[in-house]
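Q:
Numbering (my numbering), first residue to last: 595 to 684.
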């Protein structure tokens, strides 16, 4: 991570932002020899498949079955029908 002063950032803002966007560079910003901020690349946008795609790989084996068993014990109404969560169910 490169360190620059607040004055350098003010004078070269466009150049710094372009470098961050294009190369993923990160900057620490100092004022009076103290780090006061960081400039880092923004979070890349993801679609739903990318965001949730590896969810099941992160769950330990049996987690889904355990959740279903716990939910049924708690008296929740579960069924095997798939429904559109955004559809009007009135």
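From the three backbone atoms N, C-alpha and C, an ideal C-beta is built for every residue, glycine too.
1) What does a CB cutoff of less than 6 Å around residue 616 pick up in its chain, not counting 5 residues either side in sequence?
2) Where residue 656 and residue 675 are concerned, what is the direct C-alpha to C-alpha distance, given to the nearest angstrom?
3) If you drop the 5 nearest sequence neighbours on each side, which residues of the same chain put their C-beta closer than 6 Å to that of residue 620?
4) Going along the chain, which residues of its own chain have a beta-carbon closer than 6 Å to the beta-carbon of residue 600, five neighbours each way excluded?
5) Can you check the region 630 to 680 for any alpha helix (DSSP H) of at least 4 residues that lies completely inside it and give the ranges in chain order?
A: In short:
1) Same-chain partners within the cutoff: there are none.
2) Taking the CA atoms as reference points, residue 656 sits about 21 Å from residue 675.
3) Only 595, 634 meet the Cβ criterion.
4) Excluding sequence neighbours, residue 600 sits near 623, 625.
5) Listed in chain order, the alpha helix (DSSP H) runs fully inside the region 630 to 680 are 642 to 646, 649 to 652, 657 to 667, counting runs of at least 4 residues.
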